[in-house]
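Taken in sequence, the protein lines are chains A and B. Read in the UniProt record's numbering, the first sequence has 312 at position 312, and its numbers run on one by one without any break. Read in the UniProt record's numbering, the second sequence has 131 at position 131, and its numbers run on one by one without any break. For each residue, glycine too, the CB sits at the ideal point set by N, CA and C. Written out below as structure tokens is the structure these notes cover.
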Amino acid sequence: MASGKISFLGQQQNREVAELGLRLKEASENVTTNQMGVQHSVKRPIIKKVLETMAAGMDVSPLFGDIVKAASTKDLVQKKLAYMYISVQAEKNVDLVILAVNTFQNDLQNENPFVRGLALRTLCSMRLTDYVPYMLKSLSHALIDSSAYVRKTALISCVKLFHLAPKEVLDASLIDQLYNTLRDRDPEVVANGIAALNEILRSEGGMTINANIALYLLQRLREFNEWHQCLVLNTLIRYKPSNEDEKFDILNSLDDRLKHHNSGVQLATIKIFIKLTEGMTEIQQDVYKRIKEPILTLLSLGSPEIVYSCLEHVIALMNSSHQFLREDYKYFYRKIKEPSFVTLRKLEILEIIATEKSSKDIIDEISGYITGKDKLITQRSVESITKISFRIESVISYSLEIFMKLLETGIDIIISSIITMLEEFMNESPEKVESSLSVLPLIWTTIDLNSKAGPAFLNLLAIVGYEIPEAPYILESLIEDLENYPTTSFRLQLLDSTVTLFLRRPVECRVMLSKLFKISMEQTENLDIRERALFLYRLLQNDIEKAKEIFKYQRYASKNNSKKDNINMKSKHLPEFNTLSILYGKPSEQFIVELEPIPGLFSKRKDDDFFSSLSLHNISEPDELIPVQPQNLVKEEFTLSSTVSVDAKKFKSYWEGFKEIYEFEVSLLDSPISLTRLTLDDIEAVFEENNIMTMASGGTGDFIKLFLYAQETGSYILMLCEIKLNFNSKIAKVIMKVGHETDQIMNLTKHSEYFSQYLTRCIKICFNSVN
Amino acid sequence: MISQFFILSPQRGDVLILRDFRHDTPQDTPGLLLDRLKTWQKDHGTEQDPPPIFNVDGFHFLFKNIQGLYFVCTTKFNVSPFMIYELLGRVAILIKDFCGILSEECLRLNSSLVYELLDEIIDYGYVQTTSTDRLKSYVYEDPIQVKRENIFMNSLAKLKAPGTSLGSSSNRPITHMRDEKSVKQNDVFIDVIERLVASFASNGMTVRAEIDGSIQVKSYLQGNPEIRLGLNSNIILERNKDMSRSDRYGIVFEDYKFHDSVDPTDFEEHKRMIIFPPEGEITIMNYRISGEVSLPFRVFPTVMRVPGYPNRMDVTIRIRTDIPENRFANKCTLTVPLPHVSQSIYNENMDGSNDQSVQYDNRIKNVIWTINNLQGGTEQSIKIKITGSASFSTVAELEVGPIRQVIITLISFKIKL
Chain A
1 MASGKISFLG
11 QQQNREVAEL
21 GLRLKEASEN
31 VTTNQMGVQH
41 SVKRPIIKKV
51 LETMAAGMDV
61 SPLFGDIVKA
71 ASTKDLVQKK
81 LAYMYISVQA
91 EKNVDLVILA
101 VNTFQNDLQN
111 ENPFVRGLAL
121 RTLCSMRLTD
131 YVPYMLKSLS
141 HALIDSSAYV
151 RKTALISCVK
161 LFHLAPKEVL
171 DASLIDQLYN
181 TLRDRDPEVV
191 ANGIAALNEI
201 LRSEGGMTIN
211 ANIALYLLQR
221 LREFNEWHQC
231 LVLNTLIRYK
241 PSNEDEKFDI
251 LNSLDDRLKH
261 HNSGVQLATI
271 KIFIKLTEGM
281 TEIQQDVYKR
291 IKEPILTLLS
301 LGSPEIVYSC
311 LEHVIALMNS
321 SHQFLREDYK
331 YFYRKIKEPS
341 FVTLRKLEIL
351 EIIATEKSSK
361 DIIDEISGYI
371 TGKDKLITQR
381 SVESITKISF
391 RIESVISYSL
401 EIFMKLLETG
411 IDIIISSIIT
421 MLEEFMNESP
431 EKVESSLSVL
441 PLIWTTIDLN
451 SKAGPAFLNL
461 LAIVGYEIPE
471 APYILESLIE
481 DLENYPTTSF
491 RLQLLDSTVT
501 LFLRRPVECR
511 VMLSKLFKIS
521 MEQTENLDIR
531 ERALFLYRLL
541 QNDIEKAKEI
551 FKYQRYASKN
561 NSKKDNINMK
571 SKHLPEFNTL
581 SILYGKPSEQ
591 FIVELEPIPG
601 LFSKRKDDDF
611 FSSLSLHNIS
621 EPDELIPVQP
631 QNLVKEEFTL
641 SSTVSVDAKK
651 FKSYWEGFKE
661 IYEFEVSLLD
671 SPISLTRLTL
681 DDIEAVFEEN
691 NIMTMASGGT
701 GDFIKLFLYA
711 QETGSYILML
721 CEIKLNFNSK
731 IAKVIMKVGH
741 ETDQIMNLTK
751 HSEYFSQYLT
761 RCIKICFNSV
771 N
Chain B
1 MISQFFILSP
11 QRGDVLILRD
21 FRHDTPQDTP
31 GLLLDRLKTW
41 QKDHGTEQDP
51 PPIFNVDGFH
61 FLFKNIQGLY
71 FVCTTKFNVS
81 PFMIYELLGR
91 VAILIKDFCG
101 ILSEECLRLN
111 SSLVYELLDE
121 IIDYGYVQTT
131 STDRLKSYVY
141 EDPIQVKREN
151 IFMNSLAKLK
161 APGTSLGSSS
171 NRPITHMRDE
181 KSVKQNDVFI
191 DVIERLVASF
201 ASNGMTVRAE
211 IDGSIQVKSY
221 LQGNPEIRLG
231 LNSNIILERN
241 KDMSRSDRYG
251 IVFEDYKFHD
261 SVDPTDFEEH
271 KRMIIFPPEG
281 EITIMNYRIS
291 GEVSLPFRVF
301 PTVMRVPGYP
311 NRMDVTIRIR
321 TDIPENRFAN
331 KCTLTVPLPH
341 VSQSIYNENM
351 DGSNDQSVQY
361 DNRIKNVIWT
371 INNLQGGTEQ
381 SIKIKITGSA
391 SFSTVAELEV
401 GPIRQVIITL
411 ISFKIKL
């Protein structure tokens, strides 16, 4: 209760609540029965109002007693409403719950099974450990109740109880009783039994499945409703048949599930088919043929979300069977009003399945998507055509023709995308592209130079610049306008390109190059640019011939390789088919958070703390400046927060607590600068620019030691590290520890990788190490 | 399993329904979803939805946009996405069955009925049942009905389509009460909905064509009676690719699937099925036809420049209907994107026919040609003269298109009862 002044609103709310209480007390207990045998009570609308008030956020706890009284009624709706109130308010009014126990008692013996079920469900959903013995007793009676409704409710209540008091549940040998329920005659009871066992035995991998249970479940499969069939099939996947005959039996009996109307059942069946036929190549080919039709139907008929999930799964399947759906590429063409997330996946698939025969058709189709109206799709379509051309050389000229035509449209997003891709084309087959580049001066004004297209354009310009008369003047106007192009990559490329052009056409470029150098070297914000300019300037001063050699055009490693890795990564997850893993493209350890510590470790915690410990965003102390933005774990870019701050005490406790420890060395042998010339301040400044903060640092002449920390933007994942730098051996020894501020157990391998990459890079920048 | 289920209305960010099953999500999950929607739409435009799944610190959000409302499940488990999306769709249909229609207002009025339903559908995150028969007996609240304006239905009413019933009677909620009124209205509505998806190249060749069909049954019949449904006997069920294409004279179903309540044993032989429809709306059958599909409509576009006027272009579009003369296509909409420098158009109506309209939206540079009643065996065409604010680029023809047409037709068929 707030002490001191209660606001006017607060007083008003109290009055409302009190008024409701009065009305409840006054309303008669009368229950009328209408002609259909359904009870209606006078109190019902009042209780509804109470619930609405509760939903609006007001405190309705004073009414607890009245509502409990109202729960004893013949009006079933009123009873449900009252129970709804009780289950929400129980934890706030622990002392008053005892009043409700009587009602529960009576209702658990009610002749109507729905009332018994309702009472049990509400009773067990209250998270109060004091009542656990009572709940256990009611449960064991309910598990053998005559009504299937009560039995099935009891099974789910077991799971609730398990999360509340796991030791008691395990002690009471409920597990055996649960295994018995598998023999129940009602399939809904069996299904809930399986669900309960799977969850309670989660740390052991779920319920045990032997040949008997598997056969039994297969025989009864069709009795279950669609959701329970999903559950049973996903449980059966764990069963390992002992011989081939058994495998074929299972395949045959499940064949008709492929035509079930629920895609969850279909996909679960497909998963079993694939898993069982692993290693049997010929049979697996048949399996792929068999599952083709249902999948194509899903792609045509399904809702966008199902189509999206299906497409992701198709990608996973394609990587293990390269022929899969290769002939049916037309099914992956875009449809009317399709959301962009579906089209993007379809483009990905078209890239994979294009063959010599189909590539021209596919490229024609994709070029129709390049309208400029949808930015993402336009960019991706251009990329797709490029990727297909790289894989299938015969269509490179055709694609280039299309691109050249599209360059004339004058639509900036199209032009920018194409220029970006042309750079890649230069890499693959420069002969074909060079002649077309004469069009560059005509279109360059429409390119968005602050995007990826900017550096690409500059690079292309430099390559063919000596043949294009306007090239230096284009560069000149860009240099004049330099404030409009702040992007680092653009500026760096501008430096490179101007130098390249200068080496070929020195007279025209001399003035602008010196201007560019001047501006770049006076740069204080961006070290990279200043460095590059310095380096190039010195190079040109000292050794022009060497410069000419360096800037002779060389092919660089194409970016295509990364795509192949992506494909391989996806195919590894076939074991996690039909789960979210396929949609994220990551194995489950990377995104599933441990749900709770294993039972047995509970004894340390008080039950009140139990649920607050599951909360991931614990109460943050006021002196921490961590931004509380939720961040998508599955993002592509990993950035470090610039507002991270950790004090010495915390650092120490984290250092001792974090379990993920990595030790590695960074060699600085090729650093041109004598290490002793750098001061601690310099080093710390470089790290800080990259959002890695210094906790402490110090050193003598020969070596220095630094303690640093960093945090991923918007998350609670911290990295702490200790760097020992030995000037004589020119090696930096790093001990890095990664962990979560609130002790949450997570898989941090990916983060650790990113952190170590950042660290290594920073260390190298510090000492100007090349590469 | 599922941690929470909620329904969001994104316009004002209202949470219409929120049921927390496992009490393990401490954050403001609807808020997180709204943020995600807003940031995505800021970057990509308001018509675009983000991918239907994302993840914050171990909580997975799976959502579905149904009629502007977002139906969302959160979970911490590595669930099957197909199951969840099917569930979301099914819950929406159930709410529609029990409340009559699906709308924000209806949800607000019937929230306690919806919560009753949810408690019986999902217990502690595990799906129990979505069968209307069962749920009817578990749910006691009465639905409060909301009138809905249905513009589409009104335009259909102009047609003389005998034997089909319209509008409000099929928007009733199913009822668990047996009162005299509902006993008299023993209705069942059967819809065969076929969607023909086809795309053509600019030279008129068909790139692909496919028919996706579904048979939906909305039943208010008491007592689960048996209904027998027979389809055309000339349907051929293709199971293997051995059959050569020329052998087929009938309609070929490449794939099909049935609902649980259908007994399909007789289907392969005689194309008959026996159904026991539960109350409410279910899709009893889905089928897919592709390959040789005779197309009911053909579109022929021509793009020509006007010599001497670099900022003018002419686009002629002709549509030909190949359906029988006594049939009509009810609402035919063609959307033609134009080059981005287009400024205005002038429409020369070539055939002088009425009941058509041509509209030009300068913001998105689209021409929308609407024909209200397209009779079978006829042709319609329009000629659009486009004036641009600047010269059309040399490849401006590329910018005309792709033409999207949406045509809705009611074809009556005979039902033997």
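Pick from the options: whose alpha carbon is nearest that of residue i?
i	options	result
GLY454 (chain A)	A:LEU178, A:SER399 and A:LEU482	A:LEU482
SER290 (chain B)	B:TYR309, B:VAL262, B:TYR256 and B:GLU281	B:TYR256
LEU63 (chain A)	A:GLN323, A:THR409 and A:ILE47	A:ILE47
LEU33 (chain B)	B:PRO52, B:THR335, B:PHE21 and B:HIS23	B:PRO52
LYS730 (chain A)	A:GLN284, A:TYR716, A:CYS766 and A:ASP176	A:CYS766
ASN438 (chain A)	A:ASN450, A:TYR709 and A:GLU408	Asn is not the amino acid found at residue 438 (chain A); the sequence shown has Ser there. Comparing Cα positions, the closest option is A:GLU408.
ALA710 (chain A)	A:LYS649, A:THR639 and A:GLY657	A:THR639
PHE664 (chain A)	A:LYS733, A:PRO166 and A:PHE707	A:LYS733
ASP59 (chain A)	A:TYR85, A:THR73 and A:LYS79	A:TYR85
Would residue i and residue j be called neighbours here (beta carbons separated by less than 8 Å)?
i	j	result
LEU120 (chain A)	SER138 (chain A)	yes
ARG254 (chain B)	ARG208 (chain B)	At residue 254 (chain B) the sequence reads Glu, which differs from the Arg that was named. Their beta carbons are not under 8 Å apart, which means GLU254 (chain B) does not touch ARG208 (chain B) by this criterion.
TYR85 (chain B)	ILE7 (chain B)	no
SER263 (chain A)	LEU298 (chain A)	yes
VAL382 (chain A)	MET421 (chain A)	yes
LEU109 (chain B)	LEU94 (chain B)	no
LEU718 (chain A)	TYR654 (chain A)	yes
VAL150 (chain A)	LEU161 (chain A)	no
ILE236 (chain B)	VAL252 (chain B)	yes
THR25 (chain B)	GLU188 (chain A)	no
LEU334 (chain B)	ILE317 (chain B)	yes
MET273 (chain B)	LEU221 (chain B)	no
ILE215 (chain B)	VAL192 (chain B)	yes
GLY65 (chain A)	LEU108 (chain A)	no
VAL72 (chain B)	LEU580 (chain A)	no
LEU311 (chain A)	ILE353 (chain A)	no
GLY280 (chain B)	ILE190 (chain B)	no
Using a Cβ-Cβ cut-off of 6 Å (strictly less than) and excluding sequence neighbours within five positions of residue i, which residues of its own chain qualify?
i	result
ILE138 (chain B)	The sequence shown places Tyr at residue 138 (chain B), rather than the Ile named in the question. Cβ within range, chain order: GLU120.
Under 8 Å Cβ-Cβ, which residues of chain B neighbour residue i?
i	result
LEU81 (chain A)	SER112
ILE336 (chain A)	VAL197, ARG404 and VAL406
Leaving out the 5 sequence neighbours to the left and right, which residues in its chain are closer than 8 Å to residue i when beta-carbon positions are compared?
i	result
SER497 (chain A)	LEU458, ASN459, LEU461, ALA462, GLY465 and LEU475
LYS604 (chain A)	Model confidence at LYS604 (chain A) stands at a pLDDT of 27, short of 50, so the residue's coordinates are unreliable; what they give is reported in the following sentence. Cβ within range, chain order: n/a, list empty.
VAL88 (chain A)	MET54
In chain A, which residues lie less than 7 Å from residue i when you measure between Cβ atoms?
i	result
THR394 (chain B)	GLU408
GLY89 (chain B)	SER303
GLU116 (chain B)	LYS80
ARG208 (chain B)	LYS330 and TYR333
Going along chain B, which residues have a C-beta under 7 Å from residue i?
i	result
TYR308 (chain A)	PRO51 and PRO52
ILE411 (chain A)	HIS340
residue 772 (chain A)	Here chain A comprises residues numbered 1 to 771, so residue 772 (chain A) is not present and cannot be evaluated.
Using a cut-off of 8 Å between C-beta atoms, extract the partners of residue i located in chain A.
i	result
THR129 (chain B)	GLU188, ASN225 and TRP227
SER283 (chain B)	With the sequence shown as reference, residue 283 (chain B) is identified as Thr, and Ser is not the correct amino acid for it. Simply HIS261.
VAL400 (chain B)	Going along chain A, no residue has its Cβ under 8 Å from VAL400 (chain B), so there is no contact; the nearest lies around 10 Å.
Can you list, in chain order, the residues of its chain with a C-beta nearer than 7 Å to that of residue i? Leave out the 5 residues immediately preceding and following it.
i	result
LEU128 (chain A)	ALA90, GLU91, VAL94 and VAL97
TYR308 (chain A)	PHE341, VAL342 and ARG345
Problem - Runs of alpha helix (DSSP H) lying entirely within the segment 84 to 158 of chain A, each at least 4 residues, in chain order - result: Listed in chain order, the complete alpha helix (DSSP H) runs (minimum 4 residues) inside the segment 84 to 158 of chain A are 97 to 108, 113 to 125 and 132 to 142.
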